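Residue numbers (our numbering), protein chains in the order written: chain X, 1 to 205; chain C, 1001 to 1205.
Below: one structure, written as structure tokens.
Protein chains: 2
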Amino acid sequence: MGVAERKAREKEELRDLILRAARKLFTENGIEQTTIRNIAEAIDYSVGTVYVYFRNKDAILHALHSQGFGMLASYFSVLASVADPMERLRAMGRIYIKFGLENRDMYELMFSTKAPMTFLCATDQPEWDEGKATFTALSSTVAQCLEAGHFAGHSLQPLSFMFWSLVHGMCSLEISQRTQGVNLTDPSAIVDQAYTEFLKLLDHF
Amino acid sequence: MGVAERKAREKEELRDLILRAARKLFTENGIEQTTIRNIAEAIDYSVGTVYVYFRNKDAILHALHSQGFGMLASYFSVLASVADPMERLRAMGRIYIKFGLENRDMYELMFSTKAPMTFLCATDQPEWDEGKATFTALSSTVAQCLEAGHFAGHSLQPLSFMFWSLVHGMCSLEISQRTQGVNLTDPSAIVDQAYTEFLKLLDHF
DNA sequence: TTTTATTTTGAACGTTGTTCATTTTATTTG
DNA sequence: CAAATAAAATGAACAACGTTCAAAATAAAA
Chain X
1 MGVAERKARE
11 KEELRDLILR
21 AARKLFTENG
31 IEQTTIRNIA
41 EAIDYSVGTV
51 YVYFRNKDAI
61 LHALHSQGFG
71 MLASYFSVLA
81 SVADPMERLR
91 AMGRIYIKFG
101 LENRDMYELM
111 FSTKAPMTFL
121 CATDQPEWDE
131 GKATFTALSS
141 TVAQCLEAGH
151 FAGHSLQPLS
161 FMFWSLVHGM
171 CSLEISQRTQ
181 GVNLTDPSAI
191 VDQAYTEFLK
201 LLDHF
Chain C
1001 MGVAERKARE
1011 KEELRDLILR
1021 AARKLFTENG
1031 IEQTTIRNIA
1041 EAIDYSVGTV
1051 YVYFRNKDAI
1061 LHALHSQGFG
1071 MLASYFSVLA
1081 SVADPMERLR
1091 AMGRIYIKFG
1101 LENRDMYELM
1111 FSTKAPMTFL
1121 CATDQPEWDE
1131 GKATFTALSS
1141 TVAQCLEAGH
1151 FAGHSLQPLS
1161 FMFWSLVHGM
1171 CSLEISQRTQ
1181 GVNLTDPSAI
1191 VDQAYTEFLK
1201 LLDHF
């Protein structure tokens, strides 16, 4: 009976091997170099083997996208030490932006690329667990801000989504290269400046 | 001497024909159905002919992206009648969102897809005229708000970019299907609700 | 009419994601 | 241990993609 367990473990190991190769290709050369053939070649297996362990490319991209949320969580881990909810909210945005700009391809995969969502829809599982958890983390911080008397008269979910949209918009525009060629005084600093500007607005609440 | 002129006109006409077919395929079936072969087939020309009039696919997508900015400008045209800069700023955001959600594929092409920017870089023309014009339109409205005494102590460019990021973030998250599966009370209304929430924040400035 | 210039063609190339009959390897059974 | 069975790995093949380019078709000029 130890055989079935070993088989299962070996299956899991090869799955991980594929994923590690995919991740390496992905982080080093971007998504366009992350092809099934490149992955297979990197681990000395055939193309067909990859399809034994993953239904299709979307499944691989979804797995990578999940790893990305693990990375984001570790970025967020320092927030535990920030007691004041407003301060934590501010720090959360900074860290989110930092993560996005330090892991551009990964960020794109997590929040822009359609593949991970397509994969979820294809598996009839309309629950985006990783996104849900992250949004909940933001939302609970905002809830604490509301409880502390900030943002009087505002609703939790729309307010939280507004914060998310703001930092996501900055990352997205920067990553998709929309900040260049718009005649900004300092294109490379605009995201930081704009977020600082937003924090100034927040001082009134 | 009329020959050269007619030739030039015919060349322009075929170019437009290609572009119209591309646009039709694009708006009706999305970007994935807009292939060179589909375009060529739609106008009863061969694949090679398309490449006589456009360097590559990025060039076609860039031309479509430019048309998108024309559409956005016509959405914005009603803003001319709004005298108060703050009110115009608010309306601008609403219209921007409306445009984005009513023309999702086009919006993606204009503000997310890399192709149009790649095309610009390839032609050694680092000026994104369409984006520049649109950002300037926003920026000048924000400038008028500043002159009217709003947003005291804030800087023009970062503040403008912050507004842009906010509405872009909402459109982007919605279009890339990140608002579904996050356990929102009303996913379909979250963008409107969040923007309304933002307008409430603006009331203090 | 012949020569030259322009425009159009579509087969061909290299990639891509994906499939699946076949082979190889491992396990179980007699 | 050998034969039968199950599982895993293979890689050729398919369709579709963007792209190229020598050749053919057409138009203009001589």
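Even glycine gets a Cβ: it sits at the ideal position worked out from N, Cα and C.
All figures in this text were calculated on a predicted structure; none of them were measured in a lab.
Roughly how many whole angstroms lie between the Cα atoms of Gln144(X) and Pro85(X)?
Inter-residue distance for Gln144(X) and Pro85(X) is about 6 Å (C-alpha atoms, whole angstroms).
Expressed to the nearest angstrom, what Euclidean distance is found between the alpha-carbon atoms of Leu64(X) and Ser160(X)?
26 Å
Taking a contact to mean a Cβ-Cβ separation below 8 Å, would you say Val142(X) touches Leu89(X) in this structure?
Taking 8 Å as the cut-off, the beta carbon of Val142(X) is found closer than this to the beta carbon of Leu89(X).
Just the C-alpha distance for Glu102(X) and Gln67(X), rounded to the nearest angstrom, thanks.
Approximately 15 Å, taken between the alpha carbons.
Cα-Cα, which of Lys1057(C), Ala1022(C) and Phe1163(C) is closest to Asp1044(C)?
Ala1022(C)
Does the separation of the CB atoms of Thr128(X) and Gly1181(C) fall below 8 Å?
The question names Thr, but residue 128(X) in the sequence shown is Trp. Contact flag set, yes.
For Ser139(X), which residues in the same chain have their Cβ closer than 6 Å to its Cβ, ignoring the five residues on either side in sequence?
The residues are Ser160.
I need the straight-line Cα distance from Gly1093(C) to Phe1111(C), nearest angstrom please.
15 Å
Beta-carbon proximity of Ala1137(C) to Phe1076(C), cut-off 8 Å
yes
What's the C-alpha gap between Ile18(X) and Ala42(X)?
9 Å
Take Leu1120(C) and list the residues in its own chain whose beta-carbon comes closer than 8 Å to its own, dropping the five residues that flank it on each side.
His1062, Pro1126, Glu1127 and Trp1128
Against Glu127(X), what residues of chain C qualify as contacts under a CB-to-CB distance less than 7 Å, listed in chain order?
Gly1181
Between Ala1194(C) and chain X, is there a C-beta pair that is closer than 8 Å?
yes
Burial state of Leu199(X), where buried means 16 or more other Cβ atoms lie within 10 Å
exposed
Going by Cα to Cα distance, which pick from Asp105(X), His204(X), Phe163(X) and Glu197(X) is closest to Gly149(X)?
His204(X)
Nearest by alpha-carbon distance to Asp16(X): which of Tyr53(X), Glu5(X), Glu32(X) and His154(X) is it?
Tyr53(X)
If distances are taken between C-alpha atoms only, which option among Gly100(X), Phe135(X), Asn183(X) and Ile95(X) comes closest to Gln1277(C)?
The requested residue 1277(C) is not part of the displayed model; chain C covers only 1001 to 1205.
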